[in-house]
Every structure is written in C-alpha cells, then in structure tokens.
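> Please see the structure below; I have some questions.
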Amino acid sequence: MADPGDIHAKNRPMKPNIPSPNKRPAWQRHGQLWRSTTGLCLILLLTAGCKKYNEFRNAKPTSEVSVNTYDFLKSQQGLYDTLLHLIDIAGLADTLKTANVTFFAPQDYSIRTGLYNLNYTRGKYGFAGNWTLDSIPPAVWDTLLRRYMIPAKVTSDSLDYADGVNLTTLSYGYLMNGKTAPTNASGIIAGGPTIIQLSDMNRSRFVRDWSTSITQSIDLKTANGWLHVLESKHVFGFISLVPLAFPYSLNPIQAPYLGLPSPIPGTIEVEDFDDGGEGLSYHDTDNNNNGGQYRTERVDIENCGEGGFNIGWTSGSEWLEYTVEVTVSGDYDLGVRAAANDEPGGDFHVEFDGVNITGTMHCPRTGGWQSYITLSKTVTLTAGKHVMRFVLDTGGYNINKFIFTKL
Numbered sequence: 001m002a003d004p005g006d007i008h009a010k011n012r013p014m015k016p017n018i019p020s021p022n023k024r025p026a027w028q029r030h031g032q033l034w035r036s037t038t039g040l041c042l043i044l045l046l047t048a049g050c051k052k053y054n055e056f057r058n059a060k061p062t063s064e065v066s067v068n069t070y071d072f073l074k075s076q077q078g079l080y081d082t083l084l085h086l087i088d089i090a091g092l093a094d095t096l097k098t099a100n101v102t103f104f105a106p107q108d109y110s111i112r113t114g115l116y117n118l119n120y121t122r123g124k125y126g127f128a129g130n131w132t133l134d135s136i137p138p139a140v141w142d143t144l145l146r147r148y149m150i151p152a153k154v155t156s157d158s159l160d161y162a163d164g165v166n167l168t169t170l171s172y173g174y175l176m177n178g179k180t181a182p183t184n185a186s187g188i189i190a191g192g193p194t195i196i197q198l199s200d201m202n203r204s205r206f207v208r209d210w211s212t213s214i215t216q217s218i219d220l221k222t223a224n225g226w227l228h229v230l231e232s233k234h235v236f237g238f239i240s241l242v243p244l245a246f247p248y249s250l251n252p253i254q255a256p257y258l259g260l261p262s263p264i265p266g267t268i269e270v271e272d273f274d275d276g277g278e279g280l281s282y283h284d285t286d287n288n289n290n291g292g293q294y295r296t297e298r299v300d301i302e303n304c305g306e307g308g309f310n311i312g313w314t315s316g317s318e319w320l321e322y323t324v325e326v327t328v329s330g331d332y333d334l335g336v337r338a339a340a341n342d343e344p345g346g347d348f349h350v351e352f353d354g355v356n357i358t359g360t361m362h363c364p365r366t367g368g369w370q371s372y373i374t375l376s377k378t379v380t381l382t383a384g385k386h387v388m389r390f391v392l393d394t395g396g397y398n399i400n401k402f403i404f405t406k407l
C-alpha cells in the first residue's frame with residue numbers, strides 16, 4: 001500500500017499482480033511455448049524460402065539436346081511444321097543440321113500472320129489476296145530466314161550489354177541486334193526470367209528505325225548450335241516480308257484523306273483531296289505549296305477568308321481527286337465556291353470516275369481573291385463509292401469547297 005504521506009501516490013499506477021512463470025496455469029505455459037516455437041519456425045521458413053527464391057531467381061536454366069537444330073524442331077509434335085516447310089523450300093535444312101549456327105526460330109503463328117498481312121496489302125492494291133506460302137518465291141524465304149540465323153554461338157550471356165550486340169547474319173552480312181532484358185514477376189521488378197530482344201536494324205544505326213521482337217524461350221543447346229524461340233506475336237520477316245514478296249506495295253496508294261470517303265450529300269473542302277501524292281491523287285504544276293498551309297503536298301493551300309483553307313495559285317491542267325460515297329442515286333445541285341481577282345477568271349469541270357458530269361464551268365471576276373460566289377450545276381449521281389476529279393481547264397481563280405445538295 002502506498003504511503004499516505006506520499007502526495008504522488010494517487011497518480012502512480014498500481015503494480016500488477018503477475019504470478020511467476022512456474023505458478024502460472026499449465027495452459028498459459030503451454031501457449032507461450034507454442035508461440036515461441038511457431039515464431040522460430042516461421043523465421044526459419046522465411047529464411048529458407050528467401051534463400052530458395054534467390055537461388056531460383058539467380059539460376060540460369062540451360063537445356064541441352066543431343067539432336068541437331070532441324071531435327072529438334074521436327075520432333076516438337078507439329079509446332080514448327082510451317083517453319084520447316086519454308087526451311088526446306090529455301091534449301092536451308094542442311095544448314096540447321098550441320099552448321100554451327102544460332103537460330104532465332106519464329107513460330108508457325110508468326111508466319112501465318114505475315115502471310116495475312118501480305119494478302120491484306122495485295123487486296124488494298126486491287127490484287128487477289130489469295131497467296132499461299134508456295135506463291136512466294138523461294139529466294140524471298142531464303143533471304144528472310146537467313147536473318148534469323150547467326151553463324152556463331154550466341155547465348156543470352158553474350159548479349160548482356162546496355163546497347164546489345166550487333167549480329168552478322170547468314171543473310172549476306174545483314175545486321176541484326178540482340179540484347180538481353182529482365183522481366184518482372186509477382187510484382188518484383190526484374191524478378192522474372194531473362195529474355196532476348198531481337199531487332200531488325202533495317203540498315204540503320206538509329207534505334208528508332210529498328211523493328212524488335214522478344215523471345216519466348218532461350219538458350220537451348222543442340223548438337224550443332226543454339227536455339228532461341230521467338231514469341232508467337234512476332235510477325236515473320238519483321239517489316240520486310242510484304243515489300244520483298246510484293247514490291248508493288250512500295251508504290252504509294254491513293255486513299256481518302258483522313259481514311260473515309262467524303263459523303264454526298266454534303267460539303268467537301270477542296271483541301272481534303274485524297275492521299276497518294278503527285279500524279280496519283282493530284283497534279284500541280286510547281287513543286288511548292290505556295291500558301292504553306294494545312295498539308296505538306298505540292299498543292300497550293302492558303303488561309304481562306306470564309307474560314308478554313310482554299311486552293312490558289314491555280315494553273316491550267318492541274319487536277320485534284322476525292323474519294324466520295326453517294327448515299328442515294330438521283331439529281332444533285334453541285335455548288336462550287338470560287339473567287340477571281342482579275343478578268344477573265346477561269347474555267348474548270350468535274351468528273352466522276354473519268355466521266356465529265358458538269359461540262360465547262362466558268363468563274364468570272366468576283367472583285368477579289370477572297371470574294372467567293374457559288375457556281376451551280378445540276379448533276380446526276382449513282383449511289384456508291386466514286387472518285388471525283390476536279391479539273392482546272394485554266395487557272396486564275398481560287399476554290400474553297402464543293403457543296404452537294406439532293407434535289
């Protein structure tokens with residue numbers, strides 16, 4: 001009991017009456033022992049788990065097979081049948097059987113994706129999109145397959161540099177770049193397996209010009225070399241299959257500006273002529289965009305007094321094309337907004353699919369280059385997609401827009 005004379009006693013906490021360990025009930029003593037034992041076990045398990053995890057993360061799995069690269073791919077239960085077919089077509093089977101090469105193997109799905117892209121492109125250019133693997137010249141397969149073959153030992157360890165390593169391929173000295181990269185796992189940055197980034201350098205030392213894919217599995221040692229398998233999302237040939245197999249695709253293609261045909265009825269801005277370039281979607285008699293506005297093509301575009309843009313500096317024999325879509329067949333009023341500063345103005349006409357539908361139309365002097373008037377003509381149109389060509393028979397006027405109204 002506190003001393004009555006101690007003035008701080010009432011504020012002092014009472015000492016708890018705790019029995020000694022030996023006097024505690026048995027269930028309390030056993031509970032304390034269980035907690036102590038459990039805690040020690042958890043510490044040991046965590047320590048062992050961390051050690052085991054570090055060993056797994058830092059381990060470098062390496063596999064080895066006793067057969068050559070070609071026969072190993074052939075043994076994989078149909079996973080590489082298309083790839084092996086192309087290797088046979090290209091005459092590279094012996095290379096993968098006997099030569100000391102590292103092969104970055106594309107999967108069959110990658111080849112099918114490349115073929116789909118090729119046929120899609122052929123269709124866009126008006127060709128039949130029905131090519132098969134055998135439609136493509138063997139020389140193309142030979143050139144592209146060699147870019148996946150390196151005449152040397154290339155393991156992931158040998159590519160562990162910040163900028164990767166430039167790899168000279170079997171494709172007649174063509175350069176690729178290989179580089180290792182870590183992956184994340186279970187929320188741990190760089191805690192996953194190592195992958196290889198294989199890049200087609202596209203004959204450029206600038207990384208921005210490269211095309212890159214990654215591996216799905218790496219470092220399989222075969223009897224005659226090394227094998228890495230690219231992920232299925234890789235597109236065979238990187239970006240080279242289509243232009244090599246279908247060189248016509250290197251030519252520019254005419255297409256609607258901004259991707260969609262201009263609807264009729266509606267307004268078509270003169271500056272929204274088709275993509276494609278000089279001689280394909282337009283013809284301009286000089287090499288410069290004299291107005292310097294809106295687009296980078298040679299067509300002379302300037303700011304318009306009515307808002308937006310107009311085409312000026314016009315000359316005879318120039319023309320512009322527009323992909324349009326007429327919703328309903330019938331008669332339409334075509335209104336052309338035009339302006340001319342000087343006499344006598346100038347002449348033009350409009351064609352649909354190569355047929356003159358307006359006859360010659362004349363723009364008189366309007367009092368200024370931005371003093372626009374509407375020149376009208378009734379035309380008969382059929383529903384569907386068409387190419388409209390605006391032909392400048394003479395120059396000397398500005399054009400702002402075309403307005404189609406259903407009658």
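Residue 164 in UniProt numbering sits at position 164 of the sequence shown, with consecutive numbering throughout.
By construction, the Cβ of each residue, glycine as well, lies at the ideal position given by its N, Cα and C atoms.
Everything numeric in this text was worked out from a predicted model, so none of it was measured.
If you follow the beta strand (DSSP E) that residue 336 is in, where does it begin and where does it stop?
Residues 330-339.
> Between the alpha carbons of residue 355 and residue 246, how many angstroms are there, rounded?
Whole-angstrom Cα-Cα distance: 32 angstroms.
> Mind pulling the alpha helix (DSSP H) runs of 4 or more residues that sit fully within the region 225-272?
Complete alpha helix (DSSP H) runs here, min 4: 241-245.
> What residue does the beta strand (DSSP E) around residue 163 start on, and which one ends it?
From DSSP, residue 163 is part of no beta strand (DSSP E); its letter is neither H nor E.
> Verify whether the separation of the beta carbon atoms of residue 242 and residue 117 is less than 8 angstroms.
Yes. Within cutoff.
> Report yes if the C-beta distance between residue 341 and residue 369 is below 8 angstroms; otherwise report no.
Against a cut-off of 8 angstroms, the Cβ pair of residue 369 and residue 341 comes out as a contact.
> Between 231, 108, 236 and 71, which lies nearest to residue 146 when the distance is taken from Cα to Cα?
Of 231, 108, 236 and 71, the residue nearest in Cα terms is 236.
> Would DSSP call residue 208 helix, strand or coil?
Of the three classes helix, strand and coil, the one that applies to residue 208 here is helix, per DSSP.
> Name the residue from 173, 321 and 107 whose alpha carbon lies nearest to the alpha carbon of residue 353.
Checked all of 173, 321 and 107; the closest Cα to residue 353 is 321.
> Could you pull out every residue in the same chain whose Cβ sits closer than 7 angstroms to the Cβ of residue 301, ignoring the five residues on either side in sequence?
Closer than 7 angstroms at the Cβ level, and outside the excluded window around residue 301, lie 271, 289, 291, 293, 294, 295, 309 and 311.
> Between the Cα of residue 254 and the Cα atoms of 267, 128, 275 and 265, which residue gives the shortest distance?
Ranking 267, 128, 275 and 265 by Cα distance to residue 254 puts 275 first.
> Could you check where the beta strand (DSSP E) with residue 139 kicks off and where it finishes?
Looking at the DSSP string, residue 139 is not in any beta strand (DSSP E); the run it does join, the alpha helix (DSSP H), is 138-146.
> Could you have a look at residue 104 and say whether DSSP puts it in helix, strand or coil?
DSSP places residue 104 in strand when its eight states are reduced to three.
> Please go through the region 68-95 and give each complete alpha helix (DSSP H) segment of 4 or more residues, from N-terminal end onward.
Those alpha helix (DSSP H) runs which fall completely within the region 68-95 and span 4+ residues are 69-74 and 81-90.
> If you reduce the DSSP assignment to three classes, tell me which class residue 215 lands in.
In this structure, residue 215 counts as strand in the three-state DSSP scheme.
> Run the CB neighbour count on residue 383, radius 10 Å, all protein chains shown included, and call it buried at 16 or more, exposed below.
Burial call: exposed.
> Could you give the distance in angstroms between the alpha-carbon of residue 334 and the alpha-carbon of residue 323?
Those two C-alpha atoms are separated by around 16 angstroms.
> Closest by CA to residue 166, which one among 157, 128 and 176?
Nearest C-alpha to residue 166: 176.
> Going by CA-CA distance only, name the one from 304, 357 and 214 that's closest to residue 331.
It is 357.
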